[in-house]
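Trainee: Residue 249 in our numbering sits at position 162 of the sequence shown, and the numbers go up by one each step.
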Amino acid sequence: MRMARIRDRGAAAWAVDNGQDWAIVESPFATDRVLTGEVVPKSQATLLAPVVPRVVLGPALVLRVAPSGAKVAYLGADLDRVAGGESRPDHLRLLGNLVGWQLGDERVLRVVAPRGVECSLYRQGERGVLHLVHTDAPSQIPGTLDELVAVGPIQVDLAWAGTAALSAHALVSDVDLELDVDADAGRVRFTVPVVEDHEIIVIGPGEP
C-alpha cells in the first residue's frame, strides 16, 4: 500500500493511494489504519516531503510496541549505508542496539567479537554448527586481501534445549581444539580463542 503526505485544505495530512484519489487516514502510525472518509483527487493533491526541515536537530528515532507485542523502530536516517560505507563504530553500535531491543532477552545467539566477524548458526540433527568468518581485510585496496590478521577471543552464548552433556570443538584449528563449555538455564557459553580466516564450531553431545 502506497502512503504519502499531502496538503489538504491548507494543512498537511497523511493519505493512502486508492487508485484515482488519496484517502485521508487518521494516523499513519496506528496499528489498524482508519480512514476519515475524506478523499483528495490526485490531480488536485500537492505531495509534501515526509518532513519539512527548517532546523536540523539530528536523526530521529521512534520506538513503539504494538498491542500485539510487535516492536517497531523508525530511524529517520540512513545509518546502515553510512555505517557500511564509512565504518562508523557509533552507527554500528546503534544499529546493533536496535536489533537487540527488538529481539529482547530471548536471543538464540549472542556473540562478542571484534569487528568484521560474521556468524552463521546451523543445526544438524542433535548438533549445532557455528561458522565464524573473519571478513575484515587490512588491505588498502578495496576488494583485495593481502594478509590474514587473526582476531580473538570470541565469546559465544547460544540457546540450547536439552540436558545431555555437551562438547564444543573447533575444527579448523591446527588440531581438533575442544573448548570449555559452560551450560546452564537453557544456554551454552564458550570462548573461541582466535580466528584467522574462518572457524567451524560443532556443539553437541559426544565427539564431533
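Just so it is clear, CB atoms sit at the ideal spot from N, CA and C, and this is done for glycine as well.
Bear in mind the structure is a predicted one, so any value in this text is a computation, not a measurement.
What is the DSSP secondary structure of residue 100, counted as helix, strand or coil?
Mentor: In the structure shown, residue 100 sits in a strand (DSSP, three-state: E or B).
Trainee: Output yes or no for whether 8 Å exceeds the beta carbon distance between residue 159 and residue 151.
Mentor: Yes, the pair counts as a contact, with Cβ atoms nearer than the cut-off.
Trainee: Less than 8 Å between the C-beta atoms of residue 283 and residue 237, yes or no?
Mentor: Yes.
Trainee: Here's the rule I'm using: 16 or more other beta-carbon atoms within 10 Å means buried, otherwise exposed. How should residue 285 be labelled?
Mentor: Exposed: under 16 other Cβ atoms inside 10 Å.
Trainee: Output yes or no for whether 8 Å exceeds the beta carbon distance between residue 127 and residue 120.
Mentor: For residue 127 and residue 120, no; Cβs fall outside 8 Å.
Trainee: Rounded to whole angstroms, what is the Cα-Cα separation between residue 172 and residue 115?
Mentor: Those two C-alpha atoms are separated by around 31 Å.
Trainee: With DSSP as the reference, label residue 107 as helix, strand or coil.
Mentor: Reduced to three states, the DSSP call for residue 107 is coil.
Trainee: Based on Cα-Cα distance, which residue from 214, 97, 98, 90 lies nearest to residue 108?
Mentor: Residue 108 has its Cα closest to that of 90, out of 214, 97, 98, 90.
Trainee: Of all the beta strand (DSSP E) runs that stay within the bounds of the stretch 175-217, which reach a length of 3 or more residues?
Mentor: Here the runs fully enclosed are 196-199, 204-211.
Trainee: Spatial neighbours of residue 189 within its chain, please: CB distance less than 6 Å, with the 5 preceding and 5 following residues excluded, ordered by chain position.
Mentor: Result list for residue 189: 158, in chain order.
Trainee: Grab me the residues of residue 200's own chain with a C-beta within less than 6 Å of its C-beta, minus the 5 sequence neighbours each way, in chain order.
Mentor: Only 241 meet the Cβ criterion.
Trainee: Between which residues of its own chain and residue 104 is the CB-CB distance below 6 Å, once the five residues before and five after are set aside?
Mentor: So the qualifying residues of the chain are 89.
Trainee: Pull the bridge partners of residue 277 from the DSSP assignment, please.
Mentor: Partner(s): 243.
Trainee: Once the 5 residues before and after residue 133 are set aside, which same chain residues still bring their CB inside 7 Å of it?
Mentor: Hits under 7 Å: 93, 94.
Trainee: Would you kindly work out how many angstroms separate the C-alpha atoms of residue 275 and residue 196, rounded to a whole number?
Mentor: One C-alpha to the other measures close to 10 Å.
Trainee: For the beta strand (DSSP E) that residue 286 lies in, which residues bound it at each end?
Mentor: First-last of the beta strand (DSSP E) with residue 286: 285-291.
Trainee: Go through its chain and collect everything with a Cβ distance to residue 220's Cβ below 6 Å, but skip five positions before and after it.
Mentor: The residues are 205, 285.
Trainee: Alpha carbons only, please: which of 192, 181, 135 is nearest the one belonging to residue 99?
Mentor: The option with the nearest alpha carbon to residue 99 is 135.
Trainee: At the level of alpha carbons, what is the spacing between residue 281 and residue 162?
Mentor: Roughly 35 Å separates the two Cα atoms.
Trainee: Can you pull the DSSP bridge partners for residue 265?
Mentor: Answer by DSSP bridge pairing, in chain order: 256.
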